[in-house]
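Protein sequence lines, in the order shown, are assigned to chains A and B.
For the first sequence, the working numbering assigns the number 1 to the initial residue and increments by one for each residue that follows.
For the second sequence, the working numbering assigns the number 1001 to the initial residue and increments by one for each residue that follows.
No residue lacks a Cβ here, since even glycine has one placed at the ideal position from N, Cα and C.
All of these numbers come straight from a predicted model, not from anything done at the bench.
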Amino acid sequence: MNADDPHSRAAHWAAARAGDAAAVAALVREHQRMVYSLGLRILRNRAAAEDLTQDVFMQFFQRITTLNSPAHARHWLLQVATHRAIDQLRRCPSLPTSDDVLSLVDESQTADPLLANRLRALIGDLPPQPRAIVVLRYQEDMDPTEIAELLDMPINTIKSHLRRALEMLRGRLT
Amino acid sequence: MSRDLEQDLRQALRPVDPSAELTSKLLAAIPTKHPATTRSARPWLRQMAVAASILLALGLSWGTYQHQQQERASQAHAELLKALAITNRSLDHVYRAVQSLDADRGHGG
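As structure tokens, this is what we get:
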């Protein structure tokens, strides 16, 4: 599939909705990184993130015919993965942090690996909802309006969470 | 510490690839092609079947209508013959009565 060609993308989406396994597999490959990373950064537990990714995609396979477009599918995956991760974290606040979660990134592309590890550890100290908001903002590069719509929260609440999270991070890093 | 905290956060939170094992599990869980796709492979067959059903229904309705019309025509024909026969018998009675009166007058005169 040529991802940049709208016709090819539309044809592929139609095939996936019709149950074409190859087209569905392409969707899995396209979005698994986003879903898994959201789970990993919010839950900070590799096994829990893998379980969450599987659960989200199982539900996605059942719901795919109700989704209207590739953009709708991405939005749905983001929304379900984020809500599930927040709910799980609220249910199990003492979920252990996997040993390697803080360093699970290609260090060659990071200017300051130690700082990156420190930031990931500090984000883990945030409560579930602000943590998810920070992950959506900086992992998925979503603006506050998009996050507010995704989480069905007032825009000012999102901005307030982000501001307080950045203040906390700045304070803890100095 | 870098001065641009937001840029540092983007670097720290870059998405991570899942393990190959998880990818395999996800791909293995994809449901097999559902029957809707098989049906859509031969849409003309369904259209033909629908068209044939409509034609058959129309043909049966037309045949039934024709049969009813014929039955009504036969019934009307039989009733007409019956009415003619009754009329014929009545006229015959009248004719005989007139004949009988004429004969009585002839004998009386």
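Could you spell out where the alpha helix (DSSP H) holding residue i opens and where it closes?
{"i": "A:A22", "result": "A21 to L43"}
{"i": "A:L194", "result": "No answer is possible for residue 194 of chain A: the residues shown for chain A start at 1 and end at 174."}
{"i": "A:L126", "result": "Neither: A:L126 is in no alpha helix (DSSP H) and is coded neither H nor E."}
{"i": "A:D51", "result": "R46 to R63"}
{"i": "A:S160", "result": "I155 to L173"}
{"i": "B:R1014", "result": "Taken as a continuous stretch (DSSP letters only), B:R1014 belongs to no alpha helix (DSSP H), as it is neither H nor E."}
{"i": "B:A1130", "result": "The structure shown does not extend to residue 1130 of chain B, since chain B spans only 1001 to 1109, so no value can be given for it."}
{"i": "A:E148", "result": "Per the sequence presented here, residue 148 of chain A reads as Ala, with Glu not at that position. Note, A:A148: alpha helix (DSSP H), P144 to L151."}
{"i": "A:S8", "result": "P6 to R17"}
To which residues of the same chain is residue i closer than 7 Å at the C-beta, ignoring the five residues directly before and after it?
{"i": "A:Q79", "result": "L150"}
{"i": "A:H31", "result": "R74 and L77"}
{"i": "A:P144", "result": "I155, I158, K159 and L162"}
{"i": "A:R172", "result": "L122"}
{"i": "B:L1013", "result": "none"}
{"i": "A:Q59", "result": "V80"}
{"i": "A:A132", "result": "I42, T82, A85 and I86"}
Using a Cβ-Cβ cut-off of 8 Å (strictly less than) and excluding sequence neighbours within five positions of residue i, which residues of its own chain qualify?
{"i": "A:L126", "result": "V134, A165 and M168"}
{"i": "A:R17", "result": "I64, T65 and L67"}
{"i": "A:R90", "result": "P128"}
{"i": "B:I1086", "result": "none"}
{"i": "A:A15", "result": "A22 and A23"}
{"i": "B:E1079", "result": "none"}
Between which residues of its own chain and residue i is the CB-CB distance below 6 Å, once the five residues before and five after are set aside?
{"i": "A:L136", "result": "M142 and I147"}
{"i": "A:L119", "result": "none"}
{"i": "B:H1077", "result": "none"}
{"i": "B:T1038", "result": "Confidence at B:T1038 is low in this model, with a pLDDT of 48, below 50, so the placement of that residue is unreliable and no value is reported for it."}
Is the stretch 62-72 of chain A close to the stretch 110-120 of chain A, with three or more CB pairs under 8 Å? Inter-segment contact for the stretch 62-72 of chain A and the stretch 110-120 of chain A is absent: fewer than three beta-carbon pairs are separated by less than 8 Å.
Check whether the stretch 1005-1022 of chain B touches the stretch 17-31 of chain A, taking contact to mean three or more Cβ pairs, one atom from each stretch, closer than 8 Å. Too few Cβ pairs lie closer than 8 Å, so no.
Evaluate contact between the stretch 78-92 of chain A and the stretch 1051-1066 of chain B, counting only Cβ atoms and requiring at least three cross-stretch pairs below 8 Å. no
Contact between the stretch 31-40 of chain A and the stretch 7-19 of chain A (3+ Cβ pairs under 8 Å): no
Continuous alpha helix (DSSP H) assignments of at least 4 residues falling wholly in the stretch 1033-1084 of chain B: 1035-1041
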